[in-house]
Amino acid sequence: MDRPPRKKSSMNNVPVDFSFTVMLLGDSCTGKTCVLVRFKDGTFLNNNFISTVGIDYRNKIIPVDGKQVKLQIFDTAGQERFRSVTSAYYRDADALLLVFDVANRLSFENIRNWLGQIKDFAKDNVMVTLIGNKCDLAPQRKVTIKEAQELAQFYQIPYLETSAKTGQRINEAFILTARRLMQQSMGTKADKSQSGVIDLVTTEKTWGQTCCYEA
Ligand code: GTP
397 MDRPPRKKSS MNNVPVDFSF TVMLLGDSCT GKTCVLVRFK DGTFLNNNFI
447 STVGIDYRNK IIPVDGKQVK LQIFDTAGQE RFRSVTSAYY RDADALLLVF
497 DVANRLSFEN IRNWLGQIKD FAKDNVMVTL IGNKCDLAPQ RKVTIKEAQE
547 LAQFYQIPYL ETSAKTGQRI NEAFILTARR LMQQSMGTKA DKSQSGVIDL
597 VTTEKTWGQT CCYEA
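Each position in the sequence shown, counted from 1, maps to that position plus 396 in my numbering.
Structure, rendered in structure tokens:
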């Protein structure tokens, strides 16, 4: 499989100020592809589960704090049999969105294993965010917000609950990641609300006010 080129300056003649690689990781069927499709196209792949084979990627340019930020987003297969292929790409990632399904207990319990994989294969300073996806499935929930927050707090990573189905917090997950990466790359320390565990209630904001460029 060919690796996509890493462009630093522009895409489709849209000048960019920053360019980062973000990777989606997590168990199969947690919704990684749907999260990416929702962010990229604003749509939801309902009842259409086609497991990712190996790795795929999409590009998107988003405005963040007055800067144009290109995100090259890799969607990895969650199935174990692709692990040796996908782990070879971890080192390319500036940030990782580690996804579990709030209605699937095992996918949450596997998060520690994923963090072990990240430690083994990703860059030391890779920026990790824990994502509890499918939060629209409230009646089927098997993981409480509190225990997910505690796990995130233990590893000092932000936690966000998303729904690719409704779109809840999908843009926020990527914008937050882009902002933290910009701050890291400019050598400025992220403020407390962006470097610690996200308070799910008080940080609710509208992120959809900006337009995005397609790759
Ligand atoms: P792999 O490619 O095997 O790693 O799976 P994946 O993590 O990419 O999962 P995918 O995005 O293909 O979604 C799996 C199933 O979950 C699909 O049937 C989706 O419709 C469903 N799904 C994804 N996100 C959500 C969500 O936020 N809410 C609900 N209710 N269903 C979702």
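Don't be surprised by glycine CBs; every beta carbon is placed ideally from N, CA and C.
Quick one, which of L421, A499 and L502 has its alpha-carbon nearest R487's?
-> Here the closest residue by C-alpha is L421.
Beta strand (DSSP E) containing D471: first to last residue?
-> Residue range K463 to T472 is occupied by the beta strand (DSSP E) that includes D471.
For Y555, does the three-state DSSP call read helix, strand or coil?
-> Y555: strand per DSSP, three-state reduction.
Secondary structure at K445, three-state DSSP: helix, strand or coil?
-> Just to set this straight, residue 445 is Phe in the shown sequence, not Lys. F445 carries a coil assignment under DSSP once its states are collapsed to helix, strand and coil.
Quick one: is the Cβ of T426 within less than 7 Å of any heavy atom of the ligand GTP?
-> True, at least one ligand heavy atom lies under 7 Å from that Cβ.
Span of the beta strand (DSSP E) around A560 = Unbroken run through A560: none, as it is neither H nor E.
Proximity winner among D516, F504, A534 and K561, relative to E546 (alpha-carbon distances) = Cα-wise, what sits closest to E546 is F504.
Identify, in the order they occur along the chain, each residue of the same chain with its Cβ nearer than 8 Å to the Cβ of I643, setting aside the five sequence neighbours on each side.
-> With the chain running from 397 to 611 in the structure shown, residue 643 is simply not present.
C-beta atoms of T472 and T448 nearer than 8 Å = Yes, the pair counts as a contact, with Cβ atoms nearer than the cut-off.
In whole angstroms, what is the alpha-carbon distance linking L494 and D516?
-> Rounded to the nearest angstrom, the two C-alpha atoms are 15 Å apart.
Outcome for F470 when other beta-carbon atoms lying within 10 angstroms are tallied against a minimum of 16 | Under this definition F470 is a buried residue.
What is the residue span of the beta strand (DSSP E) that F550 lies within?
-> Premise fails: F550 lies in the alpha helix (DSSP H), I541 to F550, not in any beta strand (DSSP E).
Return the chain-ordered list of same chain residues with a C-beta closer than 6 Å to the C-beta of N444, the five sequence neighbours on each side being excluded.
-> There are no such residues.
Within the present structure, is the beta-carbon of Q513 separated from the nearest heavy atom of the ligand GTP by less than 7 Å?
-> The answer is no for Q513.
Own chain residues within Cβ distance below 6 Å of D413, not counting five before or after | These residues qualify, in order along the chain: K463 and Q464.
For the beta strand (DSSP E) that M578 lies in, which residues bound it at each end?
-> Here M578 belongs to no beta strand (DSSP E); instead the alpha helix (DSSP H) covers I566 to S581.
Pairwise C-alpha distance: M419 and I458 = The straight-line gap from Cα to Cα measures roughly 16 Å.
Contacting residues, own chain, Cβ-Cβ under 8 Å from V498 (five flanking each side not counted) = Hits under 8 Å: F504, G528, N529, K530, C531, L533, R537, K538, V539, A544 and E557.
Return the bridge partner residues of F496 from the DSSP annotation.
-> In the DSSP assignment, the residues bridged to F496 are G528.
Q549 CB to nearest chain B CB: under 8 Å?
-> Chain labels in this structure do not include chain B; a single protein chain is all it has.
F496 versus L572, D452, S424 and I571, residue with shortest Cα-Cα distance = Distances from the CA of F496 to each of L572, D452, S424 and I571 were compared; the closest alpha carbon is that of S424.
Is the beta carbon of T525 less than 8 Å from the beta carbon of I507?
-> Cβ atoms of T525 and I507: not closer than 8 Å.
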